[in-house]
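Following: one structure in structure tokens, then a few remarks.
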Amino acid sequence: MAVVTVTLDANLAIDVMLLSGTRSPQDAVELIVRDYLARGQRTEARAGDAADGHPPVDAPPVQPEG
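Using UniProt numbering, the letters of the sequence shown correspond one by one to residues 1 to 66.
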């Protein structure tokens, strides 16, 4: 796996460490990014892709009015 170095403001790094409950800024940022990506994948799985024209998987069937 490739390693990337990112420079962050100290206050931002501390906030991320507090949110993730870690003592290392590197571990904290990695956990936050992994959570963000996993959350995005779960959202896409539930909502589907708007471009494909398919309704969400767990959407109830549409009842005709009238």
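Backbone N, C-alpha and C define an ideal beta-carbon position, used for all residues, glycine too.
Backbone CA spacing between residue i and residue j [nearest angstrom]
i	j	result
Q26	V4	11 Å
G40	T7	24 Å
P64	M1	52 Å
P10	L37	The amino acid occupying residue 10 in the given sequence is Ala; Pro does not appear at that position. A10 and L37: Cα-Cα distance of roughly 23 Å.
I14	D35	18 Å
V33	S20	11 Å
E30	L12	14 Å
Terminal residues of the alpha helix (DSSP H) in which residue i lies
i	result
L8	From DSSP, L8 is part of no alpha helix (DSSP H); its letter is neither H nor E.
Contacting residues, own chain, Cβ-Cβ under 8 Å from residue i (five flanking each side not counted)
i	result
M17	R23, S24, P25, A28
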